[in-house]
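Reviewing the structure listed below.
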Amino acid sequence: MARERSTTPQGSSAGAGAGTGKVKKTRWYHQVWQAYRMTRENDPAVTWILLAVFVGIIALGLVIGLLTSSVVYVLLLSIPFAVLGALFVLARRAETAAYTRIEGRPGASLAALGTLRRGWTFGEEPVAVDPRTQDMVFRGVGRPGVVLVGEGPPHRIGKLLESERKRTSRVVSGAPVHVIQVGGGEGQVPLRKLPRTVTKLKPQLTKQEVGEVLRRLTALGAVRLPVPKGIDPTRARPDRKGMRGR
1 MARERSTTPQ GSSAGAGAGT GKVKKTRWYH QVWQAYRMTR ENDPAVTWIL LAVFVGIIAL
61 GLVIGLLTSS VVYVLLLSIP FAVLGALFVL ARRAETAAYT RIEGRPGASL AALGTLRRGW
121 TFGEEPVAVD PRTQDMVFRG VGRPGVVLVG EGPPHRIGKL LESERKRTSR VVSGAPVHVI
181 QVGGGEGQVP LRKLPRTVTK LKPQLTKQEV GEVLRRLTAL GAVRLPVPKG IDPTRARPDR
241 KGMRGR
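According to the UniProt record's numbering, the sequence shown holds residues 1 to 246 in order.
Given below as structure tokens:
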């Protein structure tokens with residue numbers, strides 16, 4: 001196989017980094033710029049909102065400086081606060097834009113649950129799927145017990161969730177099984193509030209019990225239904241742990 005030819009002169013830092021296989025880290029300002037561009041696609045007004053926050057904090061600092069007879073000092077102090085305020089607003093708007101982009105797509109709830117911190121284990125594939133309607137159920141295990149998260153309209157996903165709840169309850173031997181419907185219907189949890197809803201569940205199991213429940217559910221295996229439209233078959237991976245547990 002022919003080796004790729006580098007256009008970087010020998011002895012440069014970039015060439016040395018490529019030779020050692022190190023990945024160049026993304027600077028924080030690059031991440032901020034990427035978040036801003038992504039947010040602007042779904043929220044064109046974000047530019048004016050950020051400018052309003054920045055200018056507003058500077059103006060507040062100017063007023064305080066005039067009242068305290070220390071304009072220069074307060075203005076210099078207000079600049080970093082103005083930057084932090086704009087970044088905070090950008091982070092909130094970017095989060096909203098991210099949820100807007102994935103809302104309604106198959107697997108959106110799993111993507112939202114990916115923001116949870118340690119303490120939860122969610123499978124990468126649904127444990128129940130309706131191949132006709134693309135309704136899905138994802139399963140997670142943590143100290144509060146087992147969580148079943150369903151995607152679909154209330155009149156359909158309820159039956160699929162109840163069937164999976166009964167199937168799961170027979171395996172986990174008394175461990176709590178929580179059922180959550182994601183969507184905009186009555187009694188459902190909006191996608192952006194899903195991680196917070198899961199984290200509010202009270203712990204009821206010890207770490208050892210969580211491990212035992214996870215082992216039993218892994219042995220239960222993953223869904224064996226046909227892959228619905230909207231899921232990339234090239235990214236689907238077999239549940240090898242479940243296969244070994246059988």
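Positions of the beta carbon are idealized from the N, C-alpha and C atoms, including for glycine.
Fair warning: this is a prediction, and the values are worked out from it, not measured in the lab.
Leaving aside the five residues before and after L62 along the sequence, list all residues of the same chain whose C-beta is less than 8 Å from its C-beta, in chain order.
V71, V74, L75 and S78
Suppose contacts are defined by Cβ-Cβ distances below 7 Å. Is V189 in contact with L161 by that definition?
no
Residues in its own chain within less than 8 Å of P44 by CB, not counting five upstream and five downstream?
none
Hey, could you find the ends of the beta strand (DSSP E) V127 is sitting in?
Per DSSP, V127 belongs to no beta strand (DSSP E) and is neither H nor E.
Taking three-plus beta-carbon pairs below 8 Å as touching, is the stretch 122–129 in contact with the stretch 92–103?
no
Alpha carbon to alpha carbon, how far is Q204 from G183?
27 Å
Rounded to whole angstroms, what is the Cα-Cα separation between V146 and V129?
18 Å
Please report the straight-line C-alpha distance between T115 and T68, rounded to a whole angstrom.
44 Å
How would you write the range of the alpha helix (DSSP H) that G158 sits in, first residue to last?
P154 to V172
Quick one: what does DSSP say L90 is sitting in, helix, strand or coil?
helix
Whole-number beta carbon distance between P144 and Q181, since they are thought to touch under 8 Å:
The pair is not a contact, with the Cβ atoms about 17 Å apart (cut-off 8 Å).
V149, DSSP secondary structure in three states
strand
Less than 7 Å separating the beta-carbons of R117 and V127?
no
What do you get for V55, buried or exposed, if any count of 16 or more other CB atoms within 10 angstroms of its CB means buried?
exposed
Just how far apart, CA to CA, sit V227 and N42?
Because the pLDDT at V227 is just 40, under 50, the model does not fix this residue reliably, and the value given afterwards should be weighed accordingly. Near 30 Å, if we compare the C-alpha coordinates of N42 and V227.
If you check the beta carbons only, do V53 and A91 fall under 7 Å apart?
no
Under 8 Å, with one C-beta from each stretch per pair, do the stretch 189–200 and the stretch 104–114 reach the 3-pair mark?
yes
Would you give the residue range spanned by the beta strand (DSSP E) that V179 belongs to?
V177 to V182
R165 beta carbon less than 7 Å from that of V149
no
Tell me where the alpha helix (DSSP H) around R192 begins and ends.
Segment: none, R192 is in no alpha helix (DSSP H) and carries neither H nor E.
Work out the CA separation of T100 and A108 for me, nearest whole Å.
10 Å
Given that a residue counts as buried once 16 or more other Cβ atoms are within 10 Å of its Cβ, and exposed if not, what is T133?
exposed
Hey, how far is the Cα of G187 from the Cα of I157?
12 Å
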